[in-house]
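> Sharing a structure, written as structure tokens. Questions coming.
Protein chains in written order, with this note's numbering: chain A, 894 to 1399; chain B, 894 to 1399.
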């Protein structure tokens, strides 16, 4: 029965026009456009069964244009409900649980801060040691692999691949030839160049953009100009390029894009809603500007474009219903709002389609390698946790061999200066989605399961864990989850008093 | 008596701290920051005897900071009431009347446009031939002279040195090593990158800034980033530089800087006033950003800074009283509002002072050559119409040998698509200021003189031409004006029917 449901979900794919590959036979460029904290509903492209109020609220015409000429994934996931694990997953194709990078990377490493954030006294369980400080020079990454193939590999924007002072804090450690404005930071002090991108928070100053200081440019626009310049340089030099354009926006602080906010206020949004909407639109403008640059330089048809996000939205600004609606929760949570994200891919060889096949951003590395014709694409596909989805993108198939499956491992307390985050679903968890069912283990208070049927209950309102009629499903998912945790050697939380592992058992 | 008045004006100078010259002995950098159409009153620094409403209206803290550490000229003049003649005068040190570039340069040369703009039938008098198409490769210019001394010479912004299709349309023809965004254009189609800097006016698209298109950056900010980058490159390469940073702003279209306009609206200004004020503030932000860049790179103390404008303000936006108040007229007019401009100079060797000595932007070439220690500074000072004012700037003297004297030659009808501009004072004229007296010849309707005593009547309300008590003054100024017209071979207007010269006579 579940298999049938899986098929019925998958046949949502609509095959369309296949873009002609470059007649030159040169490898295509790759633009990986990663927005920070952009929720599943935070674009005008409807990813739910029908358009929502949130879809109508935001103006993202350039993303809509991409959707019209590429593959739109309705059931795509980040690799984590927070940023660094997803980002490191994109870079490596490995699941964050295997990387042991399952929480956002602290700005300050162990040497700077005496107590591990998960070791605070109010929590009786936690990881036995630190979240890994981040990626390093030995990690096999997408930029390194493309660099070896003659690509110019360009990082623009937020990196957050490593703690301050570690090699991984510099994207060049990961194989990027060019790094513009990326380091250990997870968020900017300010989006305004007039504030030198820091305001009163010098520890959060975005680096490398000094020439913008004192002007009235928004960070998102400054990064766009830098990206456009880097594209122009690569095209002028006649080299294929990977552009990893990872905006800081729409991460907190939720600051109005001053040129764009007024129409949203005029339309009756609350000031926080309007500020957020202006950030969303600014990112769309940036995306459109990149597309226009590619077109102006005559390389748009030779460029694979990926548009996605690193996790679900912060919803504090949005008021009920949150902008994650119809999903439950948002950034940091175990629910769908935490990890389901927009994902649209277009470019040479990619068809026009809409699909509900379950994919994750860790599939991007093997997929991009295949699309660019990397000689070792198959070997890397076999090596990493992600899967090559290029056949799906080309319209040669409508399913993936692995079926409908996705896991998240977040054995952490969200640490904030105000203490533990008390939003429902923001607590240590490990979760699995299989064939439209979702099973979550929450570690707090001795642990508990929650089970949802996403097909009929996308909003995760009806917990069916422990019921007789779903016992088989629950057992199957629990077994699969534990098998997977063993397979990737996921770090286990331990009882701080005894050192004994805690968590789900078979 | 006039000599005494001249002295009393001149002693307004206040000697202050002399900045230490560079201990390295390297030639100083030069930043020539030229704002377009910025009026004498369009900054917060009071240049009149007392602060005006307009001074209080505008926020220009960075210009105020420059004024606090440099020489502030209260009686500085552009070389013309319109832009190209002033710009060509700055470049060459020659008076526009001698250059025969006395009107703004048409975008379209003779080949494009059948009738010379001054040859339209409704005017019975006009120049016998075209306003010169602009500067060319044989002109001895400030950038060429500094380039020969090893400077990197950088133009950023509006050029307008030559008609479209002529060599002078490219600033590199004039000796600039780098040209960013300058060509034949006198104004932008739009200040917004979202409009690709053209809106619906592709003939007025600012060139060379394609990478900004589609972002939400204002032109003024984009140019600032480019200027900052060029400064950084020069400093990194260890070469002294001339930065001619010539903003398009605050030229029409009077478009709000969207990030800056709201506080002016909130303060109760009319929308046109607020839009203009936001443009003024954006230019000040840009100036501050340049200063910050110089400071960050450790070269601020080695850099001569000049802040000025090319002519008086357009006043259509401002409503009565115009923002030129207490001056009469504005851009294009024969009155003080047409040509009196802010001029502030600071840097190594320059004192802190306020002076009413009459100077003009054509003095900048010999002055800058002297301040930079150019080996042929004296020869060029002798060759050009402008005078070396470096002794004044250093505080070694409080007067100039030539005394209080300034001329403007504008034998043109301001051509607009709506026909002749009917603002009082916007008509063909030649004028002279000597010792606080001002004599104007207007060519229309057979010609007439106007005479004003600027010391007691700065607003030029009381015409004293033809009166017995001022006959000696009038005769003296008329003689001096005609001698000067002969000396510089100023072009004479002619009667179109007969070809006979018309204009002032002895």
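Glycine included, every Cβ here is placed at the ideal spot set by N, Cα and C.
(1) When you compare only the Cα positions, how much space is there between residue 1427 of chain B and residue 937 of chain B?
(2) Give a yes or no on contact between the stretch 1143-1150 of chain A and the stretch 1170-1177 of chain A, applying the rule of three or more CB pairs nearer than 8 Å.
(3) Residue 957 of chain A versus chain B: which residues are under 8 Å apart at the beta carbon?
(4) If the criterion is Cβ atoms closer than 8 Å, does the pair residue 1258 of chain A and residue 1273 of chain A meet it?
(5) Please list the residues of the stretch 1115-1126 of chain A that have a C-beta atom closer than 8 Å to any C-beta atom in chain B, keeping them in chain order.
(6) Using three-state DSSP, classify residue 1172 of chain A as helix, strand or coil.
(7) Go ahead and pull the three-state DSSP assignment for residue 1186 of chain A.
(8) With residue 1199 of chain B as the anchor, note down where its alpha helix (DSSP H) starts and where it stops.
(9) Determine the burial state of residue 1392 of chain A: buried for a count of at least 16 other Cβ atoms within 10 Å of its Cβ, exposed for fewer.
(10) Given a threshold of 16 other Cβ atoms within 10 Å of its Cβ, counted over all protein chains shown, does residue 1424 of chain B qualify as buried or as exposed?
(11) Counting C-beta neighbours from all protein chains within 10 Å, is the total for residue 1076 of chain A 16 or more, i.e. buried, or is it exposed?
(12) Measure the Cβ-Cβ separation of residue 1180 of chain B and residue 955 of chain B and say whether it is below 8 Å.
(13) For residue 1361 of chain B, does the count of other Cβ atoms within 10 angstroms reach 16, so buried, or fall short, so exposed?
(14) Output, in chain order, the set of chain A residues within a Cβ distance shorter than 7 Å of residue 1107 of chain B.
(15) Opposite residue 1331 of chain B in the DSSP bridges: which residues?
(16) For residue 1300 of chain A, which residues does DSSP report across the bridge?
(17) Output the distance between the C-alpha atoms of residue 1400 of chain B and residue 983 of chain B, rounded to the nearest integer angstrom.
(18) Can you tell me whether residue 1337 of chain B is helix, strand or coil according to DSSP?
(19) Check this for me: beta carbons of residue 1074 of chain B and residue 1136 of chain B, under 8 Å apart or not?
(20) Along the stretch 1145-1169 of chain B, what residues have a CB closer than 9 Å to any CB found in chain A?
(21) Tell me whether the beta-carbon of residue 1237 of chain B lies closer than 8 Å to the beta-carbon of residue 959 of chain B.
(22) Comparing the C-beta of residue 1072 of chain A with each C-beta of chain B, is any distance below 8 Å?
(23) Report the three-state DSSP secondary structure of residue 1239 of chain A (helix, strand or coil).
(24) Just tell me which of B/1056, B/1293, B/1034 has its CA closest to the CA of residue 1251 of chain B.
(25) Between the alpha carbons of residue 969 of chain B and residue 931 of chain B, how many angstroms are there, rounded?
(26) Using only the alpha-carbon positions, how far apart do residue 1446 of chain A and residue 1069 of chain A sit?
(27) Check whether the Cβ atoms of residue 1186 of chain B and residue 1104 of chain A lie closer than 8 Å to each other.
(28) So, using beta-carbon positions, are residue 996 of chain B and residue 975 of chain B closer together than 8 Å?
(29) For a test of the three-state rule: what should DSSP assign to residue 968 of chain B, helix, strand or coil?
(30) According to DSSP, is residue 1394 of chain A helix, strand or coil?
(31) Which whole runs of the alpha helix (DSSP H) in the stretch 1239-1284 of chain B are 4 residues long or more, in chain order?
(32) Within 10 angstroms of its Cβ, does residue 1323 of chain A collect 16 or more other Cβ (buried), or is it exposed?
(33) First and last residue of the beta strand (DSSP E) that includes residue 1305 of chain B?
(34) Is residue 917 of chain A helix, strand or coil by DSSP?
(35) Among all the DSSP beta bridges, which residues are the ones paired with residue 1047 of chain B?
(36) Taking C-beta pairs closer than 7 Å, name the residues in chain A that residue 1104 of chain B reaches, listed in chain order.
Let's see:
(1) The structure shown has nothing for residue 1427 of chain B, since chain B only spans 894 to 1399.
(2) yes
(3) Working through the first chain from its first residue, we reach residue 957 of chain A at position 64. Here the premise fails: no neighbours, minimum Cβ distance about 15 Å.
(4) For the purposes of this step, residue 1258 of chain A is taken as residue 365 along the first chain, with counting starting at 1. For the purposes of this step, residue 1273 of chain A is taken as residue 380 along the first chain, with counting starting at 1. With a cutoff of 8 Å on beta-carbon distance, residue 1258 of chain A and residue 1273 of chain A are scored as near each other.
(5) Listed by position along the chain: 1115, 1117, 1118, 1121, 1122, 1125.
(6) Looking up residue 1172 of chain A in the first chain gives position 279. Residue 1172 of chain A: helix per DSSP, three-state reduction.
(7) As a working note, residue 1186 of chain A is residue 293 in the first chain. Reduced to three states, the DSSP call for residue 1186 of chain A is helix.
(8) Translated into positions along the second chain, residue 1199 of chain B becomes position 306. First-last for residue 1199 of chain B: 1196-1202, but that is the beta strand (DSSP E), not the alpha helix (DSSP H).
(9) As a working note, residue 1392 of chain A is residue 499 in the first chain. Answer is exposed; the Cβ neighbour count stays below 16.
(10) Given a span of 894 to 1399 for chain B in the structure shown, any question on residue 1424 of chain B remains unanswerable.
(11) The residue given as residue 1076 of chain A occupies position 183 in the first chain. Buried, since its Cβ has 16 or more Cβ neighbours within 10 Å.
(12) In the second chain, counting from the first residue as 1, residue 1180 of chain B sits at position 287. In the second chain, counting from the first residue as 1, residue 955 of chain B sits at position 62. In contact: residue 1180 of chain B and residue 955 of chain B (Cβ atoms closer than 8 Å).
(13) In the second chain, residue 1361 of chain B corresponds to position 468, counting from 1. The residue in question, residue 1361 of chain B, is exposed, as its Cβ has fewer than 16 Cβ neighbours within 10 Å.
(14) Position 214 of the second chain holds residue 1107 of chain B. Neighbours of residue 1107 of chain B on chain A, chain order: 1178, 1181, 1182, 1185.
(15) Taking the second chain and counting its residues from 1, the one referred to as residue 1331 of chain B is at position 438. Answer by DSSP bridge pairing, in chain order: B/1326, B/1345.
(16) Walking along the first chain from the start, residue 1300 of chain A turns up at place 407. Its beta-bridge partners are A/1325.
(17) Given that chain B is displayed from residue 894 to residue 1399, the structure contains no residue 1400 of chain B and the question cannot be resolved.
(18) Your numbering for residue 1337 of chain B matches position 444 in the second chain. Three-state DSSP puts residue 1337 of chain B in a helix.
(19) Here the question's residue 1074 of chain B lines up with position 181 in the second chain. Here the question's residue 1136 of chain B lines up with position 243 in the second chain. Going by C-beta atoms, residue 1074 of chain B is not nearer than 8 Å to residue 1136 of chain B.
(20) 1150, 1151, 1152, 1153, 1155
(21) Residue mapping note: residue 1237 of chain B aligns to position 344 of the second chain, counting from 1. Residue mapping note: residue 959 of chain B aligns to position 66 of the second chain, counting from 1. Closer than 8 Å, so yes.
(22) In the first chain, the residue the question calls residue 1072 of chain A occupies position 179. Chain B, which has no Cβ nearer than 8 Å to the Cβ of residue 1072 of chain A, makes this no.
(23) Position 346 of the first chain holds residue 1239 of chain A. Strand, per DSSP.
(24) Position 358 of the second chain, counting from 1, holds the residue named residue 1251 of chain B. Taking only the C-alpha atoms, the option nearest residue 1251 of chain B is B/1293.
(25) The count along the second chain starts at 1 and reaches residue 969 of chain B at position 76. The count along the second chain starts at 1 and reaches residue 931 of chain B at position 38. Their Cα atoms are separated by approximately 13 Å.
(26) Because chain A here runs from 894 to 1399, residue 1446 of chain A falls outside it and cannot be looked at.
(27) As a working mapping, residue 1186 of chain B is identified with position 293 in the second chain. As a working mapping, residue 1104 of chain A is identified with position 211 in the first chain. Yes, Cβ-Cβ distance for residue 1186 of chain B and residue 1104 of chain A is below 8 Å.
(28) Sequence index remark: in the second chain, residue 996 of chain B carries index 103 (1-based). Sequence index remark: in the second chain, residue 975 of chain B carries index 82 (1-based). The answer is yes: Cβ separation under 8 Å.
(29) The sequence position of residue 968 of chain B within the second chain is 75, counting from 1. Strand, per DSSP.
(30) Residue numbering aside, residue 1394 of chain A sits at position 501 when the first chain is read from its first letter. Three-state DSSP puts residue 1394 of chain A in a strand.
(31) Segments of the alpha helix (DSSP H) lying fully in the stretch 1239-1284 of chain B: 1257-1264, 1270-1276.
(32) What you label residue 1323 of chain A is simply residue 430 of the first chain in a count that begins at 1. By the 10 Å Cβ count, residue 1323 of chain A comes out buried.
(33) Numbered from 1 along the second chain, position 412 holds the residue referred to as residue 1305 of chain B. Looking at the DSSP string, residue 1305 of chain B is not in any beta strand (DSSP E), and its letter there is neither H nor E.
(34) For the purposes of this step, residue 917 of chain A is taken as the residue at position 24 of the first chain. Caution is warranted here: a pLDDT of 43 is assigned to residue 917 of chain A, below 50, making its placement in the model unreliable, and no coordinate value can be reported.
(35) The sequence position of residue 1047 of chain B within the second chain is 154, counting from 1. Answer is B/1071, B/1136, bridged to residue 1047 of chain B.
(36) Start at 1 with the first residue of the second chain, and residue 1104 of chain B comes out as number 211. Chain-order list of chain A residues neighbouring residue 1104 of chain B: 1118, 1121, 1122, 1125, 1186, by C-beta distance under 7 Å.
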